[in-house]
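Everything on this sheet refers to the single structure shown next.
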Amino acid sequence: MAILNILKYPDERLHTVASEVETIDDNIKQIVANMAETMYQSRGIGLAATQVDIHKQIVVMDLSEERNELRVFINPKITQSSGETTYEEGCLSVPGVFDKVTRAQNVTVTALDENGQSFTLDADGLLAICIQHELDHLKGKVFVEYLSKLKQSRIKTKMKKLAKES
Ligand code: GNR
Ligand code: NI
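Mapping of the sequence shown onto this note's numbering: position 164 corresponds to residue 164, and the numbering continues sequentially without gaps.
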């Protein structure tokens, strides 16, 4: 396994649209394992392949307290959504920035697991928020793009300053 480098906003590569996974082979399983390891070591609740510069539709997530309930979503699609909820979001690609985003309260997602089994999940609460946040990454969208242009510009300045210092 390996820890992968997480792209930081405003890296242009975060705006790449991910391609569908055609076959779940050893290479894809390796990517899933490395993404899980990277998510756990970064203490995130989710990670999209886009964030580690792999432009395939792969997401890993773990919302459990014990960090032992890994969820894998390959080629995920939201088939239904309803309601509205606002939550203060953060992102491993925008460290230190937290702001409110309004999203659907409930979503139904269909995806393949790491064995190529198709599954459907009805989600609400933080799980539904996280699914929408991760699917946005696969489409090249970062949560800060829901904020005002002024906030986005301030965040860009802050991130560039952080990058220089490190
Ligand atoms: O770790 C994460 N926490 C989080 C909190 C609120 C809403 C979304 C998230 S996802 C984020 C990890 C991440 O950046 N995934 O893309
Ligand atoms: Ni994120």
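Glycine residues also receive a C-beta, built at the ideal position from the N, C-alpha and C atoms.
Given the structure is predicted, the values throughout are model-derived calculations rather than measurements.
- Following the DSSP letters along the chain, one finds D26 in no beta strand (DSSP E) but inside the alpha helix (DSSP H) bounded by residues D26 to S42.
- Here the segment 142-151 makes contact with the segment 88-97; the two share three or more CB pairs at distances below 8 Å.
- Looking only at R103, K160 and A111, the smallest Cα-Cα distance to L126 is reached by R103.
- Remark: C-beta atoms of I74 and V21 approach each other more closely than 7 Å.
- Straight across, the Cα-Cα distance linking K161 with D53 is about 22 Å.
- Between L4 and M35 a beta carbon distance of about 7 Å is seen, short of the 8 Å cut, so the two are scored as contacting.
- For C130, the distance from the CB to the nearest heavy atom of the ligand NI is not below 6 Å.
- Not one heavy atom of the ligand GNR is found less than 6 Å from the C-beta of I24.
- Around the C-beta of R43, fewer than 16 other C-beta atoms lie within 10 Å, and the residue is accordingly described as exposed.
- Membership of A163 in the alpha helix (DSSP H) is indicated by the continuous run K149 to E165.
- Between the alpha carbons of I31 and R71 lies a gap of roughly 14 Å.
- If you look at G125, you'll find it in the alpha helix (DSSP H) that goes G125 to L138.
- Separation of the CB atoms of Q80 and L138 is rounded to 18 Å, and the pair is thereby denied contact status at 8 Å.
- Secondary structure note for E114: it is in no beta strand (DSSP E), with a DSSP letter that is neither H nor E.
- The C-beta distance from I6 to T38 rounds to 7 Å, short enough to fall under 8 Å.
- For I54, the distance from the CB to the nearest heavy atom of the ligand GNR is not below 6 Å.
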